[in-house]
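Residue numbers (the numbering used here): 1 to 162.
Just so it is clear, CB atoms sit at the ideal spot from N, CA and C, and this is done for glycine as well.
Since the structure is predicted, the reported quantities are computational estimates derived from the model, not experimental observations.
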């Protein structure tokens, strides 16, 4: 998806946050898969989540490059997972929700507030994707998820981003 480039610094900040969080989500899913703590029935959902995160990163890299920005690469990050994150199914679910909810909420807010109309569509799609992923980990559907601004979303992920 090639997007127009009349983006503001705030629009690009959301895209850069999204790129970092996509790499974070992909790493989370990879480690959750490797742990095998969620059981064989979760493997397909974990693989789908990892594929979605990789696809999100690819799309956001294209967006940022098209806007004249230099996007980060996965190798630019060293994620900091708490020592016991992947030792039990409950901890994996809790961490997954701790990562996915703020990203969904930030995209939800961004879809309504960014200035570039084509970014709104992408950010709304990303919010929907993360909403589905949250549902997989929570086992429930939130009727009206609460949006959050970029600063709050970034603060929620700060400890994981090393």
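Neighbourhood of residue i by C-beta, 7 Å cutoff - its chain only, sequence neighbours within 5 removed
{"i": "residue 130", "result": "100, 103, 104, 107"}
{"i": "residue 93", "result": "137"}
{"i": "residue 148", "result": "102, 105, 106, 109"}
{"i": "residue 91", "result": "84, 85"}
{"i": "residue 153", "result": "17, 102, 103, 105, 106"}
Beta carbon proximity, residue i to chain D, threshold 9 Å
{"i": "residue 40", "result": "Any reference to chain D falls outside this structure, which holds one protein chain only."}
Environment of residue i [buried if 16+ CB atoms lie within 10 Å]
{"i": "residue 76", "result": "exposed"}
{"i": "residue 49", "result": "buried"}
{"i": "residue 3", "result": "Confidence at residue 3 is low in this model, with a pLDDT of 45, below 50, so the placement of that residue is unreliable and no value is reported for it."}
{"i": "residue 162", "result": "exposed"}
{"i": "residue 22", "result": "buried"}
{"i": "residue 144", "result": "exposed"}
{"i": "residue 44", "result": "exposed"}
{"i": "residue 88", "result": "exposed"}
{"i": "residue 25", "result": "buried"}
{"i": "residue 52", "result": "buried"}
{"i": "residue 95", "result": "buried"}
Limits of the alpha helix (DSSP H) - the one that residue i falls within
{"i": "residue 55", "result": "43–66"}
{"i": "residue 89", "result": "89–113"}
{"i": "residue 135", "result": "117–138"}
{"i": "residue 152", "result": "150–157"}
8 Å Cβ shell around residue i - same chain, five flanking residues per side excluded
{"i": "residue 97", "result": "134, 137, 138"}
{"i": "residue 115", "result": "6, 7, 8, 10, 11"}
Residues near residue i in its chain [Cβ-Cβ closer than 6 Å; skip 5 each side]
{"i": "residue 9", "result": "none"}
{"i": "residue 124", "result": "111"}
{"i": "residue 121", "result": "none"}
DSSP state of residue i mapped onto helix, strand, coil
{"i": "residue 35", "result": "helix"}
{"i": "residue 84", "result": "coil"}
{"i": "residue 18", "result": "helix"}
{"i": "residue 165", "result": "Missing from the structure shown is residue 165; the chain here goes from 1 to 162 and no further."}
{"i": "residue 69", "result": "coil"}
{"i": "residue 3", "result": "Because the pLDDT of residue 3 is 45, which lies under 50, any placement of that residue in the model is unreliable, and the number read from its coordinates should be weighed accordingly. The answer is coil: DSSP assigns residue 3 none of H, G, I, E or B."}
{"i": "residue 30", "result": "helix"}
Residue i CB to nearest heavy atom of the ligand ADP below 8 Å
{"i": "residue 93", "result": "This structure does not include the ligand ADP; it has no bound ligands of any sort."}
Practice prompt. Decide if the segment 78–90 is in contact with the segment 55–68; the criterion is three or more beta carbon pairs, one per stretch, under 8 Å apart.
Written response: no
Fill in: At least three beta-carbon pairs within less than 8 Å, the segment 30–46 to the segment 11–22
no
Practice prompt. Answer yes if the segment 17–26 comes into contact with the segment 50–58, meaning at least three C-beta pairs across the two stretches below 8 Å, and no otherwise.
Written response: yes
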